[in-house]
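Undergrad:
There are 2 protein chains.
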Amino acid sequence: MKPIQVGLLGIGTVGSGTFNVLKRNQEEIRRRAGRGIEITMVADLNVERAREIVGDGVAVVADGRQVIANPEIDIVIELIGGYGIARALVLEAIAAGKHVVTANKALLAVHGTEIFAAAREKGVMVAFEAAVAGGIPIIKALREGLTANEIQWVAGIINGTTNFILSEMRDKGLDFEVVLKEAQRLGYAEADPTFDIEGVDAAHKATLMSAIAFGVPVQFDKAHVEGITKLSAVDIRYAEQLGYRIKLLGIAKRRDNGIELRVHPTLVPSKRLIANVEGAMNAVMVHGDAVGTTLYYGKGAGSEPTASAVIADLVDITRLHTADPDHRVPHLAFQPDELRTTPILPIAEVRTAFYLRLRVADQKGVLSAITSILAASDISIDAVLQRESNDGEHQTDVIILTHETQEGVMRAALAQMQALATVLAPIVSLRKEELA
Amino acid sequence: MKPIQVGLLGIGTVGSGTFNVLKRNQEEIRRRAGRGIEITMVADLNVERAREIVGDGVAVVADGRQVIANPEIDIVIELIGGYGIARALVLEAIAAGKHVVTANKALLAVHGTEIFAAAREKGVMVAFEAAVAGGIPIIKALREGLTANEIQWVAGIINGTTNFILSEMRDKGLDFEVVLKEAQRLGYAEADPTFDIEGVDAAHKATLMSAIAFGVPVQFDKAHVEGITKLSAVDIRYAEQLGYRIKLLGIAKRRDNGIELRVHPTLVPSKRLIANVEGAMNAVMVHGDAVGTTLYYGKGAGSEPTASAVIADLVDITRLHTADPDHRVPHLAFQPDELRTTPILPIAEVRTAFYLRLRVADQKGVLSAITSILAASDISIDAVLQRESNDGEHQTDVIILTHETQEGVMRAALAQMQALATVLAPIVSLRKEELA
Numbered sequence: 001m002k003p004i005q006v007g008l009l010g011i012g013t014v015g016s017g018t019f020n021v022l023k024r025n026q027e028e029i030r031r032r033a034g035r036g037i038e039i040t041m042v043a044d045l046n047v048e049r050a051r052e053i054v055g056d057g058v059a060v061v062a063d064g065r066q067v068i069a070n071p072e073i074d075i076v077i078e079l080i081g082g083y084g085i086a087r088a089l090v091l092e093a094i095a096a097g098k099h100v101v102t103a104n105k106a107l108l109a110v111h112g113t114e115i116f117a118a119a120r121e122k123g124v125m126v127a128f129e130a131a132v133a134g135g136i137p138i139i140k141a142l143r144e145g146l147t148a149n150e151i152q153w154v155a156g157i158i159n160g161t162t163n164f165i166l167s168e169m170r171d172k173g174l175d176f177e178v179v180l181k182e183a184q185r186l187g188y189a190e191a192d193p194t195f196d197i198e199g200v201d202a203a204h205k206a207t208l209m210s211a212i213a214f215g216v217p218v219q220f221d222k223a224h225v226e227g228i229t230k231l232s233a234v235d236i237r238y239a240e241q242l243g244y245r246i247k248l249l250g251i252a253k254r255r256d257n258g259i260e261l262r263v264h265p266t267l268v269p270s271k272r273l274i275a276n277v278e279g280a281m282n283a284v285m286v287h288g289d290a291v292g293t294t295l296y297y298g299k300g301a302g303s304e305p306t307a308s309a310v311i312a313d314l315v316d317i318t319r320l321h322t323a324d325p326d327h328r329v330p331h332l333a334f335q336p337d338e339l340r341t342t343p344i345l346p347i348a349e350v351r352t353a354f355y356l357r358l359r360v361a362d363q364k365g366v367l368s369a370i371t372s373i374l375a376a377s378d379i380s381i382d383a384v385l386q387r388e389s390n391d392g393e394h395q396t397d398v399i400i401l402t403h404e405t406q407e408g409v410m411r412a413a414l415a416q417m418q419a420l421a422t423v424l425a426p427i428v429s430l431r432k433e434e435l436a
Numbered sequence: 001m002k003p004i005q006v007g008l009l010g011i012g013t014v015g016s017g018t019f020n021v022l023k024r025n026q027e028e029i030r031r032r033a034g035r036g037i038e039i040t041m042v043a044d045l046n047v048e049r050a051r052e053i054v055g056d057g058v059a060v061v062a063d064g065r066q067v068i069a070n071p072e073i074d075i076v077i078e079l080i081g082g083y084g085i086a087r088a089l090v091l092e093a094i095a096a097g098k099h100v101v102t103a104n105k106a107l108l109a110v111h112g113t114e115i116f117a118a119a120r121e122k123g124v125m126v127a128f129e130a131a132v133a134g135g136i137p138i139i140k141a142l143r144e145g146l147t148a149n150e151i152q153w154v155a156g157i158i159n160g161t162t163n164f165i166l167s168e169m170r171d172k173g174l175d176f177e178v179v180l181k182e183a184q185r186l187g188y189a190e191a192d193p194t195f196d197i198e199g200v201d202a203a204h205k206a207t208l209m210s211a212i213a214f215g216v217p218v219q220f221d222k223a224h225v226e227g228i229t230k231l232s233a234v235d236i237r238y239a240e241q242l243g244y245r246i247k248l249l250g251i252a253k254r255r256d257n258g259i260e261l262r263v264h265p266t267l268v269p270s271k272r273l274i275a276n277v278e279g280a281m282n283a284v285m286v287h288g289d290a291v292g293t294t295l296y297y298g299k300g301a302g303s304e305p306t307a308s309a310v311i312a313d314l315v316d317i318t319r320l321h322t323a324d325p326d327h328r329v330p331h332l333a334f335q336p337d338e339l340r341t342t343p344i345l346p347i348a349e350v351r352t353a354f355y356l357r358l359r360v361a362d363q364k365g366v367l368s369a370i371t372s373i374l375a376a377s378d379i380s381i382d383a384v385l386q387r388e389s390n391d392g393e394h395q396t397d398v399i400i401l402t403h404e405t406q407e408g409v410m411r412a413a414l415a416q417m418q419a420l421a422t423v424l425a426p427i428v429s430l431r432k433e434e435l436a
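Just so you know, the sequences run in chain order U and V. Here the first sequence stands for residues 1 to 436, where the numbers follow UniProt numbering. Here the second sequence stands for residues 1 to 436, where the numbers follow UniProt numbering.
1) Quick one, which of Q418/U, T113/U, I274/U and I139/U has its alpha-carbon nearest A155/U's?
2) State yes or no: is the C-beta of I77/U within less than 7 Å of the C-beta of V101/U?
3) For the stretch 253-270 of chain V against the stretch 271-285 of chain U, are there 3 or more C-beta pairs whose distance is under 8 Å?
4) How would you call P193/V, buried or exposed, if buried means at least 16 neighbouring beta carbons within 10 angstroms?
5) Is the beta carbon of I75/V sitting closer than 7 Å to the one on A50/V?
6) Is G15/U close to chain V? Criterion is C-beta to C-beta, closer than 7 Å.
7) Per DSSP, what kind of secondary structure is K364/U in: helix, strand or coil?
8) For G243/V, collect the residues of the same chain with a Cβ closer than 8 Å to its Cβ; drop the 5 residues on either side in sequence, then sort them by chain order.
9) Mind checking the stretch 277-300 of chain U against chain V and listing, in chain order, the residues whose C-beta falls within less than 7 Å of any C-beta there?
10) Got a sec: which bits of the stretch 27-46 of chain V sit with their beta carbon under 7 Å from any beta carbon on chain U, in order along the chain?
11) Please look up how many angstroms separate the CB atoms of A206/U and L261/U, rounded, as I've assumed it's under 8 Å.
12) Buried or exposed for P346/U, going by 16 or more other Cβ atoms inside 10 Å?
13) Once the 5 residues before and after L314/V are set aside, which same chain residues still bring their CB inside 7 Å of it?
14) For G302/U, tell me which candidate among R387/V, A290/V and V47/V has the shortest Cα-Cα distance.
15) Are any of the Cβ atoms in chain V nearer than 7 Å to that of E168/U?
16) Under 7 Å between the Cβ atoms of L424/V and R359/V?
17) Does G213/V come within less than 7 Å of chain U when only Cβ atoms are used?
18) Among residues of its own chain, excluding the 5 on either side of G406/V, which ones have a beta-carbon nearer than 7 Å to its beta-carbon?
19) For the stretch 234-266 of chain V, list the alpha helix (DSSP H) runs that are entirely contained and at least 4 residues long, ordered along the chain.
20) Using three-state DSSP, classify Q219/V as helix, strand or coil.
21) Does any residue of chain V have a CB that is nearer than 7 Å to the CB of V60/U?
22) I need the DSSP call for E121/U, collapsed to helix, strand or coil.
23) Between the stretch 96-111 of chain U and the stretch 96-111 of chain V, are three or more C-beta pairs nearer than 8 Å?
24) So, with DSSP's three-state summary, where would you put V47/U?
25) Cβ closer than 8 Å: which chain V residues qualify as neighbours of V315/U?
26) Return the chain-ordered list of same chain residues with a C-beta closer than 7 Å to the C-beta of P3/U, the five sequence neighbours on each side being excluded.
27) Under 7 Å, Cβ to Cβ, is there at least one residue of chain V near P3/U?
28) With a threshold of 7 Å between beta-carbons, can A141/U be considered close to chain V, or not?
29) Under 8 Å by Cβ, that's how I've got G373/U and I400/U pegged, so tell me the actual separation to the nearest angstrom.
30) If you draw a straight line from the alpha carbon of residue 446/V to that of M125/V, how long is it in whole angstroms?
31) List in chain order: all unbroken beta strand (DSSP E) runs of 3+ residues lying wholly within the stretch 262-295 of chain U.
32) Residues of chain U with CB under 8 Å from N25/V, in chain order?
33) Within 7 Å (strictly less), CB to CB, does L273/U reach chain V?
34) Would you kindly check if the distance between the Cβ of A183/U and the Cβ of T306/U is under 7 Å?
35) Hey, would you say T402/U sits closer than 7 Å to I427/U, going by beta carbons?
36) Regarding I151/V and the ligand ATP, is the C-beta to nearest heavy atom distance less than 6 Å?
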């Protein structure tokens, strides 16, 4: 059987990794897919660099539209990134009847609804394993491996830059700004690290996972997004004393009245496996009603790990090429007429537990005033840590861990606590998840 | 589209879980598969119990052959277990042109070659996600998610009974026999626990994983199998002091000259995620050349976790029903003509590191005699722990961790060390894997 021909848009880090792994493991891949898979045309603005990577047997062009116009090509891989030309080319590839494989979480999180609808209309597949958690086959697990379950929640460390920074902050007791510079120096963070450190990248990925897990459209605009830029080394230390690690988690959770979709620094019990995922590694926990808790761990980024995911999608599409389009694995795991309209809950309606750090005057009655406010709001306390003030100082830290409550209720209670004369600085609050 | 009709052979723990989850989540499953999936006929020797579970809408018979003879049924689920009638029924189902889903690791490990060949001949699928690691979709990860990789090794905690026992031995410092009784009392171990505690169950599963990972036929008879019955609480304590946990691992590893396939207690660095998998949970590490190290964690057994895997296979088969048989995902991840003849290496040729515990006379020159033997065999030492002898005793324990060496070389060195007059008891040796 003739090899299936693939066109590549963008031969940067992931594109060159894809080309190299496809070549290096071509025999293994051919054995598994039942036919060869060949990149026969590459489009990249830097034609010279592209040619150096692919050598002579592959056509190299500057314009992606030539790849799309090539009638021999069945699958187009989009590895340009971003929302601009990538969106146009993906939609044109679909219109030309080509299957699409992409690593572009930003594009799908923002334009996914339009793109998946166009693909459905045309009867072609859009695969995006590489868009979430690098080489870890999490999309496949959610979409196929756990298909018997009603997924209850998904919680993941899905951004290596921020996890590296948090690991370093904890290991070395350093503050965020210092570690960010080190991360940039070592190549774990970009020159412009905004998408990563503000949690946007994690939110793109969490949005995609929520769509797969709950059969809802991608709704990135409704996600609640907080990054790690305001985190202090002192809170990491207090959390550790109380038996918790702090991780930037992307969380999608099913509730009776809707779906929670949020990214933020989160206290996680130290004994959970996910709390011990360090450096640039990723991990996603999925809890299904039949299987219980599962976890998937591996490299979340990098040339060859991401290429591994791209190629897994190529092989899937190659294998399914002959299947009736109505029966292929649907992009979003659910047949498109079946997408629900379950609302994404506003953050005030989310239920979660909290870590609070209050800097207070070292006086009688301070703790009582604070705990009264919490009690009046029906917020249960899990633990309290109160430090002795240092000699000469007349202020100290009070750290409180609460049980689960509604975010809006906590916000109101925090406003009251903040208003106390004995609370001397802005209260630090972080969300906490037991992930049991 | 009409629902696909499924026949169930055996409605014990997993069978009833499968029936219940299919019913409970039927809407979710129908949305994902694109059509309903219904168990319409059940065979079980205990017809009355079966009828209590399934109610009136489902035909219940005592003879599995009636299920196989039913022309409306496309997929047969075999959940009887064992090598006896299960083998006959699986082969007859295949001969009748029906797809088969099974959880029967023992059957496939021993008769897999015959069964997969028959299925290939007939153009039907045999799926077995439920045969390895319960609800964790590890077969799908190996067969599809990591298809871009040359898999280098697989190492898993794949028997919950033994992992529970090892966790308890470590937590409570108790010996094996004591904890086994407790495990039986709590239902984590069978009345006849032989298959579990002797490592046979883990070896069945490791054999299946080796076939998927390396594209070789199932060769259970070549696996090296050791259980946990000889493990002492004292070795767990020494390992802990040296920074290791002891787990029963199923290991399949690619070498230049063949494939290692072995099950045995193994020292693993405490900082690895897999070392922290406790109780009856399972976890499998897979290392691929492109993706690096990945890990999959979840419940390895139980009614609904295993049902989750059975149903994932049902949905896969349902989705692929219309695909060209040549292009469906091949059972063993490789097109059958492509199965290699790479040999499974005899245990003497395996390369691994070791933990040794020697009880020695507390005299000058003892350690020197031992380390000279190791040096003469080119076995490098990683660590040595020598305890002071207690007052009045004139003997002590020497614990040695080595670097990787060939097993045959170590066996010869052990024979020499055992022959020393100053070595006073049988040397305890356990294998060690860094799993980096």
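Here a beta-carbon is modelled for each residue, glycine too, at the ideal position from N, C-alpha and C. Predicted, not measured: the structure shown is a model, and the values here were computed from it.
TA: In short, the structure shows the following:
1) Counting from 1 along the first sequence, the entry for residue 155/U is found at position 155. Comparing Cα positions, the closest option is I274/U.
2) Here residue 77/U corresponds to residue number 77 of the first sequence, with the count starting at 1. Here residue 101/U corresponds to residue number 101 of the first sequence, with the count starting at 1. Cβ atoms of I77/U and V101/U: closer than 7 Å.
3) no
4) The count along the second sequence starts at 1 and reaches residue 193/V at position 193. Buried: at least 16 other Cβ atoms inside 10 Å.
5) For the purposes of this step, residue 75/V is identified with residue 75 of the second sequence, where counting begins at 1. For the purposes of this step, residue 50/V is identified with residue 50 of the second sequence, where counting begins at 1. No.
6) On the first sequence, position 15 is the one that residue 15/U refers to. By this cut-off, G15/U is not an interface position.
7) Position 364 of the first sequence, counting from 1, holds the residue named residue 364/U. Coil at K364/U, not helix or strand.
8) In the second sequence, the residue the question calls residue 243/V occupies position 243. Around G243/V: P269, S270 and K271.
9) G288, A290, V291, G292, T293, T294, L295, Y296, Y297, G298 and K299
10) E28, I29, R31, R32 and G34
11) As a working note, residue 206/U is residue 206 in the first sequence. As a working note, residue 261/U is residue 261 in the first sequence. Right, the Cβ-Cβ distance comes to about 6 Å (below 8 Å), so this counts as a contact.
12) In the first sequence, the residue the question calls residue 346/U occupies position 346. By the neighbour-count rule (16 or more Cβ atoms within 10 Å), P346/U is not buried but exposed.
13) To locate residue 314/V, count along the second sequence from 1; it is residue 314. Result list for L314/V: V6, I37, I75 and V101, in chain order.
14) As a position in the first sequence, residue 302/U is number 302, starting the count at 1. The option with the nearest alpha carbon to G302/U is A290/V.
15) As a first step, residue 168/U must be located in the first sequence, where it is residue number 168. It does not; no Cβ of chain V falls within 7 Å.
16) Taking the second sequence and counting its residues from 1, one reaches residue 424/V at position 424. Taking the second sequence and counting its residues from 1, one reaches residue 359/V at position 359. For L424/V and R359/V, yes; Cβs fall inside 7 Å.
17) Reading the second sequence from its first residue, position 213 is the one you call residue 213/V. Checking the sequence shown, residue 213/V turns out to be Ala, not Gly. It does not: the Cβ of A213/V has no partner Cβ on chain U nearer than 7 Å.
18) Taking the first residue of the second sequence as position 1, residue 406/V is located at position 406. Just to set this straight, residue 406/V is Gln in the shown sequence, not Gly. Around Q406/V: E349 and R351.
19) none
20) Within the second sequence, residue 219/V is the residue found at index 219, counting from 1. Coil.
21) Counting from one through the first sequence, the residue named residue 60/U turns up at place 60. No, its Cβ sits nowhere closer than 7 Å to a Cβ of chain V.
22) Translated into the one-based positions of the first sequence, residue 121/U becomes position 121. Here E121/U sits in helix by DSSP.
23) no
24) Within the first sequence, numbered from 1, the residue matching residue 47/U stands at position 47. Correct three-state label for V47/U: helix.
25) Taking the first sequence and counting its residues from 1, one reaches residue 315/U at position 315. Residues of chain V passing the Cβ test: E144, T147 and A148.
26) Residue numbering aside, residue 3/U sits at position 3 when the first sequence is read from its first letter. Cβ within range, chain order: R35, G36, I37 and E38.
27) For this step, residue 3/U is matched to residue 3 along the first sequence. No, because no Cβ of chain V sits closer than 7 Å to the Cβ of P3/U.
28) Here the question's residue 141/U lines up with position 141 in the first sequence. So, interface residue.
29) The residue given as residue 373/U occupies position 373 in the first sequence. The residue given as residue 400/U occupies position 400 in the first sequence. What sits at residue 373/U in the sequence shown is Ile, not Gly. Contact flag wrong, Cβ pair sits at about 11 Å.
30) With chain V covering only 1 through 436, there is no way to say anything about residue 446/V.
31) 281-288
32) Working through the second sequence from its first residue, we reach residue 25/V at position 25. Residues of chain U passing the Cβ test: A148, N149, E150, D289 and A290.
33) Here the question's residue 273/U lines up with position 273 in the first sequence. Yes - at least one Cβ of chain V is within 7 Å of the one on L273/U.
34) To locate residue 306/U, count along the first sequence from 1; it is residue 306. To locate residue 183/U, count along the first sequence from 1; it is residue 183. Not closer than 7 Å, so no.
35) Counting from one through the first sequence, the residue named residue 402/U turns up at place 402. Counting from one through the first sequence, the residue named residue 427/U turns up at place 427. It is not a contact, given that the beta carbons lie outside the stated cut-off.
36) No copy of the ligand ATP occurs in the structure displayed, which carries no ligand at all.
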